[in-house]
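Below is one structure, written out as structure tokens; comments come after it.
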Amino acid sequence: MNLPKRVEIMESGPRDGIQNEKTFIPTEQKLQLIHALGETGIKRIEATSFVSPKHVPQMADADVVYRNIDQKPDLQYLVLIPNKRGFELAREAGAKNLALVAGASETFNMKNVRMSVEESLHQLSLVVEEAKSEDMFVRFSIATSFHCPYEGIVAEETTLNMVKTLETLEVDEIVLCDTIGRANPYQVYQLFSKTLDLGTKAKVTAHFHDTYGFSKANSLAALQAGITSFDTSIGGLGGCPFAPGAAGNDSTEDFVFMLNEMGIETGIDFEKLMDCVSLVKEMTERRLTGHLQQVRGGSLKQRV
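If you read the sequence shown in our numbering, its first letter stands for residue 245, the second for the next number, and so on.
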């Protein structure tokens, strides 16, 4: 098998993981989770998002959350912004690492940010230009890279053309997202292989949801294609307010355990990661979908 020696995890739980929770999670608990995740060896955390509290109420405290993170110098704390206003709010809070997003699907993008894909890319290109002039890190996610909940299969060419556009903007990272968890391993291998064949300077990252139980198979397909950077969410939390039926993200603890068993390094302390799962259980009423938290009392041992 064509497998890397090491994989990087971008923990999206504090943002993507909890954004769909109906009951508002107190700011103190969000900060507790962020700080606990920072002790696991994870080096990248999506901390919050500067979005409309009307449309995503869970993120109404984004400014307070970000300003009160006890940031470690060797960790990257990212904030999601959907538009120019979000950028301004993030900058005012002192954020230096931005996560932007636009959908490959016209219908999804319209429901998500009420703009066409072309309008989103135009507005966000101006944000990217300004952010790069201020030496900010810019990560850009392409939502519905594989499937749209409204339009069905998204053509490879559509997503690849967006990758080419983002490359001209000189973003630092491009994320291909299986937003509704509908992709299969063949699609994943093909699209990531073709993306890497473009020779992009930007880092390419994979983002999977587990709606149909394919997230681990899709992760393996991405690994085989040459991807070494993945988004995951503690406890398997996640979902999208604008993608009906989307289940949680790929579980961080399950993915890390799988990599450990395969002899692939992550630099993450598994026991500390499981402690974070316990924190998440106290934050949400939702049943966590991660498998490892269900068998923690068994004979789990981390391969070293």
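Note that beta-carbon positions come from the ideal geometry of N, C-alpha and C, so glycine has one too.
Could you check the C-alpha separation between Val521 and Ser377 for me, to the nearest Å?
-> 38 Å
Would you call the CB atoms of Asp318 and Lys340 closer than 8 Å?
-> no
Enclosing beta strand (DSSP E) for Asn194 [first to last residue] | Residue 194 cannot be examined here, being either before or after the span of the chain that is shown, 245 to 548.
In angstroms with no decimal places, state the Cα-to-Cα distance between Asp498 and Leu517.
-> 10 Å
How many whole angstroms separate the CB atoms of Val382 and Leu344, which I take to be in contact at a CB cut-off of 8 Å?
-> 7 Å
Outcome for His451 when other beta-carbon atoms lying within 10 angstroms are tallied against a minimum of 16 | buried
Among Arg358, Gly347, Pro258 and Leu281, the one whose alpha carbon lies nearest that of Ala306 | Pro258
In the DSSP assignment, find the beta strand (DSSP E) that holds Thr292 and state where it starts and stops.
-> Arg288 to Ser293
What is the DSSP secondary structure of Gly396, reduced to helix, strand or coil?
-> strand
Sort Gly534, Thr528, Thr351 and Leu536 by Cα distance to Lys266 and report the nearest one.
-> Thr528
So Asp454 and Gly492 are in contact, right, with Cβ under 8 Å, and what is the actual spacing, rounded?
-> 6 Å
C-beta neighbour in chain C for Ile253, strict 8 Å = Among the protein chains of the structure shown there is no chain C, as only one such chain exists.
Determine the burial state of Ala466: buried for a count of at least 16 other Cβ atoms within 10 Å of its Cβ, exposed for fewer.
-> buried
Under 8 Å between C-beta atoms of Glu196 and Ser473 | Residue coverage of the chain in this structure runs from 245 to 548, which leaves residue 196 outside it and unanswerable.
Would you decide whether Tyr433 is buried or exposed? Buried here means 16 or more other CB atoms lie within 10 Å of its CB.
-> buried
State buried or exposed for Ala375, treating a residue as buried only when at least 16 other CB atoms are found within 10 Å of its CB.
-> buried
Can you name the start and end residues of the beta strand (DSSP E) that Phe452 belongs to?
-> Lys447 to Phe452
Phe474 in three-state terms, based on DSSP = strand
Using a Cβ-Cβ cut-off of 8 Å (strictly less than) and excluding sequence neighbours within five positions of Arg531, which residues of its own chain qualify?
-> none
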